[in-house]
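Enquirer: FYI, this note's numbering numbers position 165 of the sequence shown as 165, with every residue one higher than the one before it.
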Amino acid sequence: MVKNIELIELWEELSTAKRVVLFPHENPDGDAIGACGALARALREQGVECSVCAGRTPEYLSFVDMEFFTDDMGAGNPDICVALDCSEVHRLDSRAEAFDRGGRCYCIDHHENEKGFGDRYYIDSDAPATCSIIFDMMKEAGAVITSKVANSIYTGLSTDTGNFKYSNTGPKAHRIAAELLEIGVDHTEIMTALYQNRSMKKLRCESRAIDRAMLFAEGRGIISCLSSGDMAEMDAVSEDADEIIDKLRDIAGVEMAAYLEERENGIKISMRAKTCSDVGNICKHLGGGGHAKAAGATVKMSMEDAFATVKFAMEEAL
Numbered sequence: 001m002v003k004n005i006e007l008i009e010l011w012e013e014l015s016t017a018k019r020v021v022l023f024p025h026e027n028p029d030g031d032a033i034g035a036c037g038a039l040a041r042a043l044r045e046q047g048v049e050c051s052v053c054a055g056r057t058p059e060y061l062s063f064v065d066m067e068f069f070t071d072d073m074g075a076g077n078p079d080i081c082v083a084l085d086c087s088e089v090h091r092l093d094s095r096a097e098a099f100d101r102g103g104r105c106y107c108i109d110h111h112e113n114e115k116g117f118g119d120r121y122y123i124d125s126d127a128p129a130t131c132s133i134i135f136d137m138m139k140e141a142g143a144v145i146t147s148k149v150a151n152s153i154y155t156g157l158s159t160d161t162g163n164f165k166y167s168n169t170g171p172k173a174h175r176i177a178a179e180l181l182e183i184g185v186d187h188t189e190i191m192t193a194l195y196q197n198r199s200m201k202k203l204r205c206e207s208r209a210i211d212r213a214m215l216f217a218e219g220r221g222i223i224s225c226l227s228s229g230d231m232a233e234m235d236a237v238s239e240d241a242d243e244i245i246d247k248l249r250d251i252a253g254v255e256m257a258a259y260l261e262e263r264e265n266g267i268k269i270s271m272r273a274k275t276c277s278d279v280g281n282i283c284k285h286l287g288g289g290g291h292a293k294a295a296g297a298t299v300k301m302s303m304e305d306a307f308a309t310v311k312f313a314m315e316e317a318l
């Protein structure tokens with residue numbers, strides 16, 4: 001754990017501020033969106049003027065409470081800006097400048113990190129999700145967790161644990177889930193929206209990536225990729241390909257998986273490990289980061305070079 005403030009103090013400072021702006025990481029996932037939605041709602045209920053400067057949000061998360069999400073780049077000078085589920089400032093992309101305009105800048109995260117950033121930071125790499133930190137903070141402060149806040153927290157907890165399949169799923173994750181269900185989480189609606197609502201574009205992207213996948217290291221490693229041309233041909237966007245890496249990892253015998261996608265800012269690398277491997281170290285050496293079993297990076301090189309670089313690193317690790 002890396003921190004320079006306790007949760008109870010963090011809540012006191014946030015809940016007594018006049019204006020707070022929250023910032024999820026670029027290409028936000030369920031945990032980032034859920035944490036922002038939950039904290040924005042909770043602070044609004046305390047009388048704080050709170051909004052979320054999110055940029056583009058995935059369509060599949062449109063069911064989450066996003067009443068306070070905006071494209072406003074943090075106009076003015078908020079009392080506090082908070083980066084949520086974000087391990088590095090650069091992961092705020094073009095919103096980093098707006099984040100720096102806060103009177104104070106905070107970071108709440110659960111990714112492995114040797115040091116925090118901002119004036120206040122609370123980083124618990126043992127937490128199953130950033131949403132679970134928001135839950136703990138509100139519980140310690142004795143704040144009321146309403147059903148809308150609970151739904152957002154449950155969404156982030158479910159997505160970041162792979163619907164309670166990943167190695168970060170432990171007793172704490174299940175205890176939090178149980179408490180949220182007791183509050184009144186709409187489990188069926190959330191599960192349907194997250195896991196039973198897949199588009200044909202997603203299926204086509206997955207089909208092409210799986211067809212192109214290369215197995216190596218006696219079937220323990222697998223790697224695949226989609227180019228910008230592939231995406232254009234299928235009229236797909238990055239969101240349509242966000243589950244490919246999990247499909248590759250789930251193949252029998254695979255221990256480590258990698259998926260590469262060509263984007264405007266470089267080659268986006270997503271990696272997953274199943275049991276004993278550590279993909280976090282590989283991505284860290286490529287300028288990215290994450291967890292031992294789930295990590296990513298973006299590199300400025302050709303697809304061919306990125307493919308060879310990642311495959312070599314995987315072979316070395318395996």
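Glycine residues also receive a C-beta, built at the ideal position from the N, C-alpha and C atoms.
Because the structure is a prediction, the values reported are computed rather than measured.
Let's test the definition: count the other Cβ atoms within 10 Å of the Cβ of F135 and tell me whether it reaches 16, buried, or not, exposed.
Expert: Buried, by the Cβ-count rule.
Enquirer: Look up K322 in the DSSP assignment and say whether it is helix, strand or coil.
Expert: Outside the displayed range of the chain (1 to 318) lies residue 322, so it cannot be described from this structure.
Enquirer: Confirm, please, whether the CB-CB distance from P58 to E239 is below 8 angstroms.
Expert: Their beta carbons are under 8 angstroms apart, which means E239 touches P58 by this criterion.
Enquirer: Is A54 near C36, with beta carbons less than 8 angstroms apart?
Expert: Yes, the pair counts as a contact, with Cβ atoms nearer than the cut-off.
Enquirer: Let's see if you can read the secondary structure: which residues bound the alpha helix (DSSP H) around P171?
Expert: That run of the alpha helix (DSSP H) goes 171 to 183.
Enquirer: Could you tell me whether any non-hydrogen atom of the ligand SAH is closer than 7 angstroms to the CB of S228?
Expert: Ligands in the displayed structure: none, and consequently the ligand SAH is not present.
Enquirer: Alpha carbon to alpha carbon, what distance is there between W11 and G142?
Expert: Distance between the alpha carbons of G142 and W11 is about 10 angstroms.
Enquirer: Might you give, ordered along the chain, the residues of its own chain that have their beta carbon closer than 8 angstroms to the beta carbon of R208, omitting 5 neighbours on each side?
Expert: So the qualifying residues of the chain are L226, D230, M234.
Enquirer: What are the start and end residues of each continuous beta strand (DSSP E) run of 3 or more residues lying completely inside the segment 61 to 116, in chain order?
Expert: 80 to 84, 104 to 109, all fully within the segment 61 to 116.
Enquirer: A177 and Y154: beta carbons closer than 8 angstroms?
Expert: Cβ distance < 8 angstroms, so A177 and Y154 count as in contact.
Enquirer: Name the residue from T192, E261, A252 whose alpha carbon lies nearest to the alpha carbon of I244.
Expert: Comparing Cα-Cα distances from I244 to each of T192, E261, A252, the minimum goes to E261.
Enquirer: If we count the other Cβ atoms within 10 Å of its Cβ and call it buried at 16 or more, is R263 buried or exposed?
Expert: That one is exposed.
Enquirer: Can you confirm whether the segment 169 to 185 touches the segment 278 to 289 when touching is taken to mean that 3 or more C-beta pairs between the two stretches lie within less than 8 angstroms?
Expert: Judged by Cβ distances under 8 angstroms, the segment 278 to 289 makes no contact with the segment 169 to 185, as fewer than three pairs qualify.
Enquirer: Where do the N-terminal and C-terminal ends of the alpha helix (DSSP H) with M333 fall, by residue?
Expert: Outside the modelled stretch of the chain, which goes from 1 to 318, sits residue 333, for which no answer is possible.
Enquirer: In chain order, what residues of the same chain have a beta carbon less than 6 angstroms from the beta carbon of H291, not counting five sequence neighbours either side?
Expert: Correct list, in chain order: G280.
Enquirer: Closest to R120 by CA distance: which of R104, R91, K148, R41 is it?
Expert: For R120, the nearest C-alpha among the options comes from R104.
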